[in-house]
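S.K.:
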DNA sequence: TATTTATCTGAGTATCTGTTCATATGGTAA
DNA sequence: TTACCATATGAACAGATACTCAGATAAATA
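Protein chains in written order, with our numbering: chain A, 21 to 141; chain B, 21 to 141.
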């Protein structure tokens with residue numbers, strides 16, 4: 021699949037990579053930013069995590085609230101919250117033994133709103 | 021961890037689920053929309069697919085262009101494009117045996133821009 | 001027709017992910 | 001202290017995912 025000038029002149033339907041690939045490479049995101057963005061989307065790309073983020077957008081909730089809401093175990097929720105915490109999408113506040121979680125990133129809501137529009141078209 | 025009114029009155033640090041859970045349930049997305057949104061984010065939550073979408077935002081490209089750009093096999097690209105096609109995020113146009121792919125959803129770019137802002141804060 | 005190019009597809013496989021389960025930690029109250 | 005509650009954590013397991021490989025398909029040309 022190596023395109024060459026000969027093949028290009030010989031037969032005009034052959035793929036001509038160079039220009040497009042170099043253009044794409046030129047406009048490409050730095051690998052680090054691309055990776056970071058993918059990580060964000062991946063975090064939002066799970067039905068339960070997305071429900072958590074949607075709920076926390078409206079009101080802070082503790083782990084067992086979320087577990088009851090999602091109808092899954094508190095352990096499962098805790099694992100998901102750890103992931104969201106590591107990405108700094110949520111933060112928490114302690115009140116006695118109870119941890120109240122809330123959204124910690126204003127982009128998350130914007131992303132959810134656009135995705136919602138998307139589903140409604 | 022069933023919360024009851026007795027426990028609530030008895031000990032004020034216990035979780036009080038009912039109000040929050042019912043509030044969250046009230047504001048919750050329909051399961052179908054939630055699932056659809058998660059699917060969109062999941063599709064964008066892979067480094068290679070995100071690179072593809074980013075590249076196609078700038079210029080239409082054929083499969084072997086994309087493969088050369090990403091430095092992965094054409095087969096792998098074809099599998100990823102099928103996924104993106106099924107979600108109607110990209111579409112293609114045939115020119116002889118060559119298929120040129122392009123973005124087919126104006127939300128994708130908005131989402132990428134916000135995610136990019138996110139990474140830069 | 002046979003051949004070549006570009007792409008697609010299904011099967012197989014290694015890796016990643018999300019859950020469960022058991023256990024640990026931190027805070028509160030008797 | 002001891003008991004209890006809310007949450008966190010690590011190991012283990014099942015299912016999902018993304019790649020490779022071999023073969024199929026569609027279009028152009030000889």
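Each residue gets a CB set at the ideal place from its N, CA and C atoms; glycine is no exception.
When Cβ atoms are compared, which residues of the stretch 100 to 114 of chain B fall closer than 7 angstroms to chain A?
M.R.: Here the close residues number zero.
S.K.: Is DSSP giving residue 98 of chain B helix, strand or coil here?
M.R.: For this step, residue 98 of chain B is matched to residue 78 along the second chain. If DSSP states are grouped into helix, strand and coil, residue 98 of chain B belongs with the helices.
S.K.: Mind pulling the alpha helix (DSSP H) runs of 4 or more residues that sit fully within the stretch 34 to 68 of chain A?
M.R.: For the stretch 34 to 68 of chain A, whole alpha helix (DSSP H) runs of length 4 or above, ordered along the chain, are 37 to 47, 51 to 64.
S.K.: Since residue 83 of chain B is in the alpha helix (DSSP H), which residue starts that stretch and which ends it?
M.R.: One-based indexing of the second chain puts residue 83 of chain B at position 63. Per DSSP, residue 83 of chain B belongs to the alpha helix (DSSP H) from 83 to 90.
S.K.: Can you give me the start and stop residues for the alpha helix (DSSP H) that residue 80 of chain B sits inside?
M.R.: Position 60 of the second chain, counted from the first residue, corresponds to residue 80 of chain B. Run containing residue 80 of chain B: none; DSSP gives neither H nor E here.
S.K.: Which residues bound the alpha helix (DSSP H) around residue 129 of chain B?
M.R.: Walking along the second chain from the start, residue 129 of chain B turns up at place 109. Segment 126 to 139, the alpha helix (DSSP H) holding residue 129 of chain B.
S.K.: Residue 103 of chain A by DSSP, collapsed to three states: which one?
M.R.: For the purposes of this step, residue 103 of chain A is taken as residue 83 along the first chain, with counting starting at 1. In the structure shown, residue 103 of chain A sits in a helix (DSSP, three-state: H, G or I).
S.K.: Identify each residue in the stretch 58 to 72 of chain B for which the Cβ-Cβ distance to at least one residue of chain A is less than 9 angstroms, and report them in chain order.
M.R.: Against chain A - using a Cβ distance shorter than 9 angstroms - the residues of the stretch 58 to 72 of chain B are 58, 59, 60, 61, 62, 63, 64, 65, 66, 67, 68, 69, 70, 71.
S.K.: With distances taken Cα to Cα, identify the nearest neighbour of residue 91 of chain B among B:104, B:133, B:68.
M.R.: Mapped onto the second chain, residue 91 of chain B falls at position 71. Per the Cα distances, B:68.
S.K.: Can you find the residues in the same chain that come closer than 7 angstroms, C-beta to C-beta, to residue 30 of chain B, ignoring five residues on each side of it along the sequence?
M.R.: As a working mapping, residue 30 of chain B is identified with position 10 in the second chain. Its pLDDT being 39, under 50, residue 30 of chain B is placed unreliably by the model, and nothing is read from it.
S.K.: Go ahead and pull the three-state DSSP assignment for residue 123 of chain A.
M.R.: As a working note, residue 123 of chain A is residue 103 in the first chain. It is a strand residue.
S.K.: Under a CB-based cut-off of 7 angstroms, is residue 49 of chain A close to chain B?
M.R.: As a working mapping, residue 49 of chain A is identified with position 29 in the first chain. Yes, because at least one Cβ of chain B sits closer than 7 angstroms to the Cβ of residue 49 of chain A.
S.K.: Using a cut-off of 7 angstroms between C-beta atoms, extract the partners of residue 40 of chain B located in chain A.
M.R.: Locating residue 40 of chain B in the second chain gives position 20, counting from the first residue. The contacting residues are 79, 81, 85.
S.K.: Flag this pair as yes or no: are the beta carbons of residue 104 of chain A and residue 138 of chain B separated by less than 7 angstroms?
M.R.: Mapped onto the first chain, residue 104 of chain A falls at position 84. Mapped onto the second chain, residue 138 of chain B falls at position 118. Not in contact: residue 104 of chain A and residue 138 of chain B (Cβ atoms no closer than 7 angstroms).
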